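Numbering (the UniProt record's numbering), first residue to last: 1 to 765.
Structure first, commentary second.
Here it is in structure tokens:
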């Protein structure tokens, strides 16, 4: 029985004949009342044959009969034949139970394997499944400007370009309210995994145990049909036949809405057949409207609008879901739970390290998080050269993900070589990043693609064809790889800022020898701009001219410092101070220690140059003394602004240095006299606080003079906001430079020594 037709039961036929007789109507007369040109449908109705549903209902209406009582509906008892040919009766609910029990093993086999193209063995899906969140408004439906998205970056957490998780809903809440869904998402976002999980949950009775789950990979079924249109009703009839159900019994179940169809990978069906498939699904959903349908597709591949369906988009993973996935993954792949939890904790601690911010950004995409876990598993660390990790992630998205599942695309973009695709993405990344553009309109990207096709691919078509091709290429990059994604209506970005930075670095090092040096010099000039540091780091790790770039970076830092007279004077005094000290440490490390001793006491640069600075209580006595005196001076400064007893006591303790250090006699005399001027704590709290309000500033002034004269510390530079910013950027750039020296193994020892020894030195005349 098709959903478009109904047939009358024997009891219904008898009731209809009685009404006809009482009214004195012939079959021809009833046909006229119903509006039919012939009595053929009336004859079918009265002989129990299928009749179009609207005509069936109209016949019953004209006869004043309740069509549901007349029709042979699926809540009636149906017949089921067993393997011995014996026929027995079952209610629809019992038929559902029989079908569910028989398909359970098949569903487990089909759906409990996690898709992977980089691990031969993966844990069962149900052991690592992490609850999925969905954006209720897909990105392509958001009408936003580039400026709106740029402004939102100020509120983005460490996942950088990730969309906010506001207006999202969890999987359980979504499917509890919706039975007709189109789920969109970028490659590797977890669309298939969610459908597989739903099929498993349904088959195990944890979700809608009154339904029969049917997981269908659309591409696979279409291929098996040898490019014929996939008929879902016929598919389900064949599906039921495998488990002993007849054509009629499957139709009864369809009529009763007892199937949940999970249609995976609409985007994987070749473009020329996709619309036909969509129309087939739409027709099926209207005919058998009581059944649940959930369809998955990559973003932008879904142009057909399914009427009666709600559209959602798989959300990026937030930190809690990343943590949940990581713990489940390592427990599932370790010898025991204890070892797994330990490895998961190590992974999360490493991931949260500030230096791994770019790696952490990749973790929002499930397929890349899976890759990160696999990479980390062996050595309990990420590769020292992050570029290798990014390359593995891009290789996965650019070719292995589709290739591992046998997907062949059939568009112009597919014919481009992998080298061309990488080169094109590098050009897009570099041109947008150079303008500090993380979000850009589709038109901007199309212009870049258009230039590439014309100049690098020798595309000879007319301007209109070229523009349309560039649009198709943009959509293909999004659909096939998800490396470019539509963040709002016709506004794009790289899926991860990390990839934009990586491709920008690739574009730089792709230049020829002389041109490369010019490019590296230009890149080095951006050392003071934090947004370029990851590009610089990646370029260093991949460039054959790492020594040249490092020397240029050092030169650029010095050039920026040269502009500030106060900074140059400070560096000069700093160097004089260090040269006057007889120390066994690297002089550059000592300069780094003193540079920040008074400012913000950040000793990262000193530590990276000389690990002994991690233990200040074991350092040279001269350095320990200066550190204590600076701390005391900072306390005294704070007391002049906010007098309080606790800080005064801290100051008094800091000044008790006579017994701990061997002090110069001149310094000791002046220092002792200065200490005697401080208020006596025994005279009470009010006396001390009043003293700091009235005499504190003069005392601090004298204390500063003493420290400058005898210790060459605590100079008063009185920096404005712009100068403070320059000093901070100068220091942070030196920290970054040393970090680059440590991370890159392709740097000559001579260049490394040259740079380290000259850090924080003033410009020579």
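The C-beta atom is built at its ideal place from N, Cα and C for all residues, glycine as well.
The structure displayed is predicted, hence computed values, not measured ones.
Integer Cβ distance of residue i from residue j, believed to fall under 8 Å
i: residue 677; j: residue 699; result: 6 Å
i: residue 269; j: residue 222; result: 5 Å
i: residue 445; j: residue 492; result: 6 Å
i: residue 214; j: residue 261; result: 5 Å
i: residue 167; j: residue 136; result: 5 Å
i: residue 111; j: residue 95; result: About 23 Å separates the two Cβ atoms, so there is no contact after all.
i: residue 730; j: residue 567; result: 7 Å
i: residue 311; j: residue 485; result: Contact doesn't hold; Cβ gap of about 16 Å is too wide.
i: residue 459; j: residue 466; result: 6 Å
i: residue 549; j: residue 543; result: 6 Å
i: residue 243; j: residue 108; result: Their Cβ separation, rounded to whole angstroms, is 15 Å, which puts residue 243 and residue 108 out of contact at 8 Å.
i: residue 760; j: residue 588; result: 7 Å
i: residue 326; j: residue 362; result: About 13 Å; that fails the 8 Å criterion.
i: residue 564; j: residue 726; result: 6 Å
i: residue 212; j: residue 258; result: 6 Å
i: residue 481; j: residue 397; result: 5 Å
DSSP bridge partner residues for residue i (one or two, in chain order)
i: residue 214; result: 261
i: residue 273; result: For residue 273, which the question treats as bridged, DSSP gives no partner whatsoever.
i: residue 185; result: 298
i: residue 52; result: 5
i: residue 531; result: Partner(s): none; residue 531 has no beta bridge.
i: residue 134; result: 169 and 314
i: residue 441; result: 491
DSSP three-state assignment for residue i, whether helix, strand or coil
i: residue 86; result: Only weak support is given to the placement of residue 86: the predicted model assigns it a pLDDT of 40, under 50, and the value that follows is read from those uncertain coordinates. Three-state result, residue 86: coil.
i: residue 660; result: coil
i: residue 294; result: strand
i: residue 312; result: strand
i: residue 715; result: coil
i: residue 28; result: helix
i: residue 555; result: helix
i: residue 71; result: strand
i: residue 283; result: helix
i: residue 687; result: helix
i: residue 545; result: coil
i: residue 1; result: Residue placement at residue 1 is poorly supported in this model, since its pLDDT is 40, which falls under 50; the coordinates still yield a value, given next. Residue state, collapsed to three classes: coil.
i: residue 168; result: strand
i: residue 8; result: strand
i: residue 97; result: helix
i: residue 766; result: Residue 766 falls outside the range modelled here, since the chain spans only 1 to 765, and no answer is possible.
i: residue 825; result: A query on residue 825 cannot be resolved here, the shown segment of the chain reaching from 1 to 765 and no further.
i: residue 768; result: Because the chain here runs from 1 to 765, residue 768 falls outside it and cannot be looked at.
i: residue 763; result: coil
i: residue 180; result: strand
i: residue 145; result: coil
i: residue 417; result: coil
i: residue 610; result: coil
i: residue 205; result: coil
i: residue 139; result: helix
i: residue 681; result: helix
i: residue 454; result: helix
i: residue 602; result: coil
i: residue 240; result: helix
i: residue 253; result: helix
i: residue 15; result: helix
i: residue 307; result: coil
i: residue 319; result: helix
i: residue 563; result: coil
i: residue 624; result: helix
i: residue 742; result: helix
Distance cut-off 8 Å: residue i Cβ against heavy atoms of the ligand FAD
i: residue 723; result: Ligands are entirely absent from the displayed structure, and the ligand FAD is therefore not among its contents.
9 Å Cβ cutoff, residue i in contact with chain D
i: residue 543; result: The chain inventory of the structure shown lacks chain D, comprising one protein chain alone.
Which runs of the beta strand (DSSP E) fall wholly inside the stretch 458-527 and span at least 3 residues, in chain order? 484-488 and 491-494
Are the stretch 512-526 and the stretch 350-368 touching by the rule of at least three beta carbon pairs closer than 8 Å? no
Residue ranges of each alpha helix (DSSP H) within the stretch 329-402, 4 or longer: 337-351, 357-362, 366-379 and 386-395
Taking contact to mean at least 3 C-beta pairs separated by less than 8 Å, is the stretch 601-608 in contact with the stretch 750-757? no
Flag this pair as touching only if the stretch 423-430 and the stretch 438-458 have three or more C-beta atom pairs under 8 Å; answer yes or no. yes
Stretch-stretch touch, CB-based, cutoff 8 Å, three pairs: the stretch 280-299 with the stretch 185-199: yes
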